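Chemist: Just dropping this structure here.
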Amino acid sequence: MELGRPGSGKRRLRDLLLLKDNRFCADCRASDPKWASANIGVFICLKCCGVHRSLGAHISKVLSVTLDEWNDDEIDAMIEIGGNSSANAIYEAFIPDGFSKPGPDASHEQRSRFIRSKYELQEFLKPSLRISSAHSDKSNIQANFATRVMNSFRSSQKQEGMVDFIGLLKVKVIKGTNLAIRDMMTSDPYVVLTLGRQTVQTCVVASNLNPVWNEELTLSVPQSFGSLKLQVYDYDTFSADDIMGEADIDLQPLITSAMAFGDAGLFSNMQIGKWLKSHDNALMNDSTVNIVDGKVKQEMTLKLQNVESGELDLELEWMAS
Ligand SMILES: [Zn+2]
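In terms of this note's numbering, the sequence shown is numbered consecutively and its last residue is 321.
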């Protein structure tokens, strides 16, 4: 694409934005997008921008076309990818037949499910291009995730570096109880889950020591998975967020029992496994793994570690791939 003619960076970016296929949000088709994911190379609307931001800058680095300062590398990357159509040709290559993308008026939930599927889980990417976001290194924030997708797109022959996922782990973060105080009187808690180098997080609940999230987060589980790390933070506008406790979750009981049973849809509701409370784990009580309406689920209450107080309720669901 020959947009790299002399001129200010802003001008080159605006020229790209004015191309026809960039006049609509890459994710929901809302008109006149004013935001962009600089590493993925798409122009997006304000609503989709909010979801991109929640994925973390290691997956999508969001910038305003008009308000933010762009450096030359960021602009060059946008131009190299070539805009929304080119990016979507990659990220939506394997969108299932009959699947309908969210429209401009989609709910936040529909929008965020789609955007996570598209970029974070790479569900619509050609299978051989799928990579683990576990490879992206947060310290190398600029472009890692998308660069890897683009690199593997360019050399799709190359198989190395691929990770085989054995399934998806859905984690419903239900609520926190009696969390620690980090501001004057209260805290603004949110939960971060880390599996390998994949990270997902809930939204922030303002001024609440007993927050209810009921938020579902999804992680891809690689063949060699370790424990799921949970951390609670207090959101702080002006300084680094303070930690409000953490817990390690052993996924072995869930995944091993699910694998042993195979297709959970063939069984009626029953208990199939258990993670036992012990002095060296964060469980408040034994946590059972159950088949519930054909799904493999595990509820647990965790006592947050390395903090003065706080419990957290979760529900895990395993989906084998
Ligand atoms: Zn949009």
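Positions of the beta carbon are idealized from the N, C-alpha and C atoms, including for glycine. Fair warning: this is a prediction, and the values are worked out from it, not measured in the lab.
Over the uninterrupted alpha helix (DSSP H) stretch that includes glycine 9, give me the two end residues.
Modeler: Where glycine 9 is concerned, the enclosing alpha helix (DSSP H) stretches over 9-18.
Chemist: Identify the continuous beta strand (DSSP E) that holds threonine 237 and give its terminal residues.
Modeler: Counted as a single uninterrupted DSSP element, the stretch harbouring threonine 237 is not any beta strand (DSSP E), since DSSP gives it neither H nor E.
Chemist: Are the Cβ atoms of cysteine 28 and cysteine 49 separated by less than 8 angstroms?
Modeler: no
Chemist: Would you identify the three-state DSSP class for phenylalanine 114, choosing helix, strand or coil?
Modeler: Per DSSP, reduced to three states, the secondary structure at phenylalanine 114 is helical.
Chemist: Should threonine 202 and leucine 219 be called a contact, given that it needs their Cβ atoms to be closer than 8 angstroms?
Modeler: no
Chemist: Do aspartate 313 and isoleucine 174 have their beta-carbon atoms positioned less than 8 angstroms apart in this structure?
Modeler: yes
Chemist: Any chance you could list the residues with Cβ under 5 angstroms from a heavy atom of ligand 1, keeping chain order?
Modeler: Cys25, Asp27, Cys28, Ala30, Cys45, Cys48
Chemist: Quick one: using the 10 Å Cβ neighbour count with 16 as the cut-off for buried, is lysine 10 buried or exposed?
Modeler: exposed
Chemist: On the DSSP bridge assignment, give the partners of aspartate 313 in chain order.
Modeler: Lys175, Thr301
Chemist: Taking all protein chains shown into account, do 16 or more other C-beta atoms lie within 10 angstroms of the C-beta of isoleucine 90, making it buried, or fewer, making it exposed?
Modeler: buried
Chemist: Which residue wins for smallest C-alpha separation from glutamate 317, given the options Met300, Asp280, Val171?
Modeler: Val171
Chemist: Express the C-alpha separation of alanine 57 and threonine 14 in angstroms, rounding to a whole number.
Modeler: Residue identity check: residue 14 is arginine in the sequence provided, not threonine. Roughly 23 angstroms separates the two Cα atoms.
Chemist: Identify whether alanine 77 lies in helix, strand or coil by the three-state DSSP scheme.
Modeler: helix
Chemist: Find the nearest neighbour of leucine 304 within the set Ile291, Ser321, Asp280, judged by alpha-carbon distance.
Modeler: Asp280
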